[in-house]
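Line by line, the protein sequences give chains W and C.
Residue numbers for the first sequence follow the numbering used here, so the first one is 26 and each next one is one higher.
Residue numbers for the second sequence follow the numbering used here, so the first one is 58 and each next one is one higher.
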Amino acid sequence: MGIPLNIDWQQILLHIFNLIILVGGLYFLLYQPVKKFIEKREALYQEMDREASEKLKNAQELEKKAQELLDHADDEITERRIKAEAELNERDAAQLLSVEKEAKRIIAEAQKAAEEERRSILDHTDKEILIMTKKAAAQMVHTSTEEAYRQFLEAAERDEGHA
Amino acid sequence: MSKKRKIVSLVVWLALIVATLAGAILCGTGQRAETIQETMRDAVLHETNKVRLFGLLEVNPAVISSLVVVGILLAAALLIRIFFIPRFKRVPGRAQLLLEQLVGFFTDLGKGNSPHRYRFLNAYIFGVGVYIFFGTLFELLGLQVSTTHGNTIALPAPLSDINAAIAVGCFSYLVILIGGISANGLRGLGRTLKEFSLPISMSFRLFGALLSGLLVTELVYYYVGLSFVLPVVIAVLFTLLHALIQAYVLTMLTSVFYGEVTEAPRPKPKKSKKQLES
Numbered sequence: 026m027g028i029p030l031n032i033d034w035q036q037i038l039l040h041i042f043n044l045i046i047l048v049g050g051l052y053f054l055l056y057q058p059v060k061k062f063i064e065k066r067e068a069l070y071q072e073m074d075r076e077a078s079e080k081l082k083n084a085q086e087l088e089k090k091a092q093e094l095l096d097h098a099d100d101e102i103t104e105r106r107i108k109a110e111a112e113l114n115e116r117d118a119a120q121l122l123s124v125e126k127e128a129k130r131i132i133a134e135a136q137k138a139a140e141e142e143r144r145s146i147l148d149h150t151d152k153e154i155l156i157m158t159k160k161a162a163a164q165m166v167h168t169s170t171e172e173a174y175r176q177f178l179e180a181a182e183r184d185e186g187h188a
Numbered sequence: 058m059s060k061k062r063k064i065v066s067l068v069v070w071l072a073l074i075v076a077t078l079a080g081a082i083l084c085g086t087g088q089r090a091e092t093i094q095e096t097m098r099d100a101v102l103h104e105t106n107k108v109r110l111f112g113l114l115e116v117n118p119a120v121i122s123s124l125v126v127v128g129i130l131l132a133a134a135l136l137i138r139i140f141f142i143p144r145f146k147r148v149p150g151r152a153q154l155l156l157e158q159l160v161g162f163f164t165d166l167g168k169g170n171s172p173h174r175y176r177f178l179n180a181y182i183f184g185v186g187v188y189i190f191f192g193t194l195f196e197l198l199g200l201q202v203s204t205t206h207g208n209t210i211a212l213p214a215p216l217s218d219i220n221a222a223i224a225v226g227c228f229s230y231l232v233i234l235i236g237g238i239s240a241n242g243l244r245g246l247g248r249t250l251k252e253f254s255l256p257i258s259m260s261f262r263l264f265g266a267l268l269s270g271l272l273v274t275e276l277v278y279y280y281v282g283l284s285f286v287l288p289v290v291i292a293v294l295f296t297l298l299h300a301l302i303q304a305y306v307l308t309m310l311t312s313v314f315y316g317e318v319t320e321a322p323r324p325k326p327k328k329s330k331k332q333l334e335s
């Protein structure tokens, strides 16, 4: 009794033989190389993705730090301003003190110089007065001597005349 | 395009249609070697038209179709492997994308349905999927061969022969069996044998689907005039569609059953003393 539907085991085996060759051939020639390429590319993209996420993480950390710095910047600015103002005030006060000292020193020196000048002038004036007095005295003496001499002479002349 | 040229093109087109239709009607069908009944019966049973394989064996035309399809596919794969794959780019072009999609589709199908063990399964479903798809489209080529009776017949789709369908169905079952045994040993063998109807259902489903396509095509082309009523493009689209569907159905079924038999057994929850006492 034949197998219904004209089923032939020999032909079935021939088909299976064909199929085995095809499956093996396509696997080695097409499937495996393409899959390998896809996997390699996937690995590359995953690596790129990992690097990118790492960079993103770093960038986020930097951003966080920058944000923190920005957040503290106002406080720091105020703090620094206060510090600068204090320093400025301190410096102003020091300068003022120094200027006052300098002014006092200058005034003191000026007073001293003026005193010396006055003393010198006074000394000089005294000397001049003395000289003038001497001169005046001398003049007076000279004038009185000359008058006396003249009077003497006149008296002498008169005496001679009389004589 | 000028108006005059348009008219000329239209006239030529209509003239060609009329001429071919008239030719088809006037020539008639000639002296046929077989009646439609004989043709259809032979398309199903392959009793009459046999082809000699290398002068050694008398085989059904589907065996020759199968050999030709396998030859063409392997030659194409070899050419692609040598000339195309080494030039693959990181950003794929259209052809590369198509190839990657094809490989990716079968990889995902195998992986999705059998997540425990899929390497061998993927290799198999890729091969068999491509075989079913291109094997079904092969009938569109209409390659002619001489039978042992001296008739000339067009080579059919390999899977329209029940022997080829049984080969694919049984081989798929064998793949599932191998997967089951290698993953779970005797348990896998038992699980696979439990689905004893699987090779029959897979074989006959494939055979029925492909045969229906073949019969419709035989019917249409037996009466030449019908090809004017039913445009050829519809037959092509029909073939293309069922090539896709059958390739998908068989690969999906194989993956699903492979996944079932290769799944690791779940440990039974230990019964507590209270449960045992009650």
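Each residue gets a CB set at the ideal place from its N, CA and C atoms; glycine is no exception.
(request) Please check if any C-beta of chain W sits within less than 8 Å of the C-beta of R109 of chain C. (result) So, not an interface residue.
(request) Classify A211 of chain C as helix, strand or coil using the three-state DSSP reduction. (result) In the structure shown, A211 of chain C sits in a strand (DSSP, three-state: E or B).
(request) Identify the continuous beta strand (DSSP E) that holds V108 of chain C and give its terminal residues. (result) Element bounds for V108 of chain C: 108-110.
(message) DSSP three-state label for S59 of chain C, please.
(response) For S59 of chain C, the three-state secondary structure derived from DSSP is coil.
(request) Just the chain W side, please: which residues come within less than 8 Å of G161 of chain C by C-beta, in chain order? (result) The contacting residues are I63.
(request) Using three-state DSSP, classify E252 of chain C as helix, strand or coil. (result) It is coil, neither helix nor strand.
(request) Answer yes or no: does any C-beta atom of chain C fall closer than 8 Å to that of D74 of chain W? (result) No, D74 of chain W lies away from the interface with chain C (no Cβ there is under 8 Å from its Cβ).
(request) Quickly, what does DSSP pair G171 of chain W with across the bridge? List them, please. (result) Reading off the sequence, residue 171 of chain W comes out as Glu, not Gly. Per DSSP, E171 of chain W has no beta-bridge partner at all.
(message) Distance cutoff 8 Å, beta carbons only. Does G270 of chain C sit that close to anything in chain W?
(response) So no, G270 of chain C is outside the interface.
(request) Kindly indicate the opening and closing residues of the beta strand (DSSP E) around S239 of chain C. (result) In the DSSP annotation of this structure, S239 of chain C is not part of any beta strand (DSSP E); the continuous alpha helix (DSSP H) holding it starts and ends at 219-241.
(request) Closer than 7 Å, Cβ to Cβ, to anything on chain C: give me those residues from the region 40-55 of chain W, in chain order. (result) For the region 40-55 of chain W, which is checked against every Cβ of chain C, the residues closer than 7 Å are H40, I41, N43, L44, I46, L47, V48, G50, L51, Y52, L54, L55.
(message) Distance cutoff 8 Å, beta carbons only. Does Q36 of chain W sit that close to anything in chain C?
(response) At least one chain C Cβ lies under 8 Å of Q36 of chain W.
(message) Please report the distance separating the alpha-carbon of L166 of chain C from that of L310 of chain C.
(response) Spanning the two alpha carbons is a distance of roughly 10 Å.
(request) Go to L114 of chain C, then tell me how far its beta strand (DSSP E) extends in each direction, as first and last residue. (result) For L114 of chain C, the enclosing beta strand (DSSP E) starts and ends at 114-116.
(request) Going by CA-CA distance only, name the one from C:A214, C:T249, C:A240 that's closest to L231 of chain C. (result) Shortest Cα-Cα distance from L231 of chain C to any of C:A214, C:T249, C:A240 involves C:T249.
(message) Counting only C-beta atoms, is K108 of chain W closer than 8 Å to chain C at any point?
(response) No, its Cβ sits nowhere closer than 8 Å to a Cβ of chain C.
(message) I'd like to know if A152 of chain C contacts chain W, where contact means its C-beta is closer than 8 Å to some C-beta of that chain.
(response) No, because no Cβ of chain W sits closer than 8 Å to the Cβ of A152 of chain C.
(message) So the candidates are W:L51, W:E179, W:I131, W:I107; which of them puts its Cα closest to the Cα of A133 of chain C?
(response) For A133 of chain C, the nearest C-alpha among the options comes from W:L51.
(message) Run through chain C and tell me which residues come within less than 7 Å of K60 of chain W, C-beta to C-beta.
(response) Think of a sphere of 7 Å around the beta carbon of K60 of chain W: the chain C residues whose beta carbon falls inside it are V160, T164, in chain order.
(message) Please tell me whether, using a cut-off of 7 Å, the distance from the CB of L55 of chain W to the nearest non-hydrogen atom of the ligand MG is below it.
(response) Inclusion of the ligand MG in the displayed structure is not the case, the ligand content being empty and no account of it being possible.
(message) Per DSSP, what are the beta-bridge partners of V290 of chain C in this structure?
(response) Per DSSP, none; premise fails for V290 of chain C.
(message) Is it the case that the region 72-83 of chain W contacts the region 144-157 of chain C, given that we only count it when at least three CB pairs across the two stretches are under 8 Å?
(response) By the Cβ rule, the region 144-157 of chain C does not count as touching the region 72-83 of chain W, because fewer than three pairs are nearer than 8 Å.
(message) Please give the ranges of any beta strand (DSSP E) in the region 63-147 of chain W, keeping only runs that are unbroken, at least 3 residues long and fully inside the region.
(response) Counting whole runs of 3 or more residues, the region 63-147 of chain W contains no beta strand (DSSP E) stretch at all.
(request) Decide yes or no for the touch test of the region 198-212 of chain C against the region 236-250 of chain C: beta carbon pairs closer than 8 Å, at least 3 of them. (result) Taking 8 Å as the limit for Cβ pairs, the verdict is that the region 236-250 of chain C does not touch the region 198-212 of chain C.
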